[in-house]
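Since the structure comes first, as structure tokens, the remarks are kept for the end.
Numbering (the working numbering), first residue to last: 1 to 304.
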């Protein structure tokens, strides 16, 4: 099968539904053999169901592609190794990892429990590490490989009730950047995508008033299939030279995000006291403070 990913082997986590499914399907149609990983859990991480992963693998095979299913949870390091071994046993190599799996446990911070925090971190951040580490040795040995990690504008900008999710998603940016720096010498690339898509993760938005209904209609245009082309492109050899970057997809728009750098400075040759800081810091820095925006405040226009 020809295509931009021809001859590649891709592992896509959380690929039973939504964005992960769309990426797995397009990856296969572009010529990659795909390991479809999904535990089949609910949006909050509860339960499991082998059906979604197996259904996507079967759909790929029916369309003439190559795929196998895996229902192992990525929160266990040993499972990361087992998932990679399954891909190697089936297809002989591994070239691409898409870290997409995730759960939500939204709570206002003063009501957030330890399990709300730790379960979200375990799937998004620990899971992304487990999978990334499991393929790293193989990428190094073959002197090639591509990582695509899913971050979120909730982490990059902010949102209410998502301190756990924000921490995990911003942590993934650090993980991706670290991989990009450490593995550049082995011709391995690592990038992030912050996706806007109508999926289970935003499907619970209320739609009672006429304005809310119209907003939901606009959001529903942002299908998971709009995210997949960038993920597949970044995974391909055509994206050579692109690494350590943060992208976002919002319907038909693609954004490149900036990354944290110093923007103002203050210095005194004899150092600082709290009183001197009180006299100078706000006046010097306040115009450049980042406001407490939410993602919707920054992306304030309708999807294009």
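Glycine included, C-beta positions come from ideal geometry on N, C-alpha and C.
Being a predicted model, the structure only gives us computed values, none of them experimental.
- Excluding residues up to 5 positions away in sequence, 194, 295 lie with their Cβ nearer than 6 Å to the Cβ of residue 153 in the same chain.
- Exclusion of the five residues before and after residue 77 leaves 130 as the residues of its chain whose Cβ lies within less than 6 Å of its Cβ.
- If only complete runs of 3 or more residues are kept, the region 6-53 shows the beta strand (DSSP E) at 9-13, 33-37, in order along the chain.
- For residue 70, the three-state secondary structure derived from DSSP is strand.
- Beta-bridge partners of residue 253 (DSSP): 250.
- Spatial neighbours of residue 135 in its own chain (CB-CB distance under 6 Å, excluding positions within 5 residues in sequence) are listed in chain order as 84, 94, 97.
- Counting only residues of its own chain and dropping the five nearest sequence neighbours on each side, residue 254 has a CB closer than 8 Å to the CB of 230, 247, 248.
- Around the beta-carbon of residue 181, fewer than 16 other beta-carbon atoms lie within 10 Å, marking it exposed.
- Apart from the 5 residues on each side of it in sequence, residue 69 sits with its Cβ closer than 6 Å to the Cβ of 36, 53, 54, 57 in its chain, given in chain order.
- Apart from the 5 residues on each side of it in sequence, residue 139 sits with its Cβ closer than 6 Å to the Cβ of 145, 188 in its chain, given in chain order.
- Restricting attention to beta strand (DSSP E) runs no shorter than 3 residues, the region 157-222 encloses them at 188-196, ordered along the chain.
- Between residue 112 and residue 66, the alpha-carbon positions lie close to 42 Å from each other.
- In the DSSP assignment, residue 150 forms a beta bridge with 193.
- Between the beta-carbon of residue 304 and that of residue 252 there is about 5 Å, and that keeps the pair under the 8 Å contact cut.
- In this structure, residue 30 sits away from residue 61, with a CB-CB distance that is not shorter than 8 Å.
- Between residue 149 and residue 99, the C-beta gap is smaller than 8 Å, which places the two residues in contact.
- Ranked by Cα distance from residue 218, the options 197, 237, 208 are led by 197.
- Residue 159 places its beta carbon 8 Å or farther from that of residue 116.
- Close CB contacts of residue 51 within its chain, under the 7 Å cut and outside five residues either way in sequence, are with 40 (chain order).
- Between residue 191 and residue 243, the CB-CB gap stays under 8 Å.
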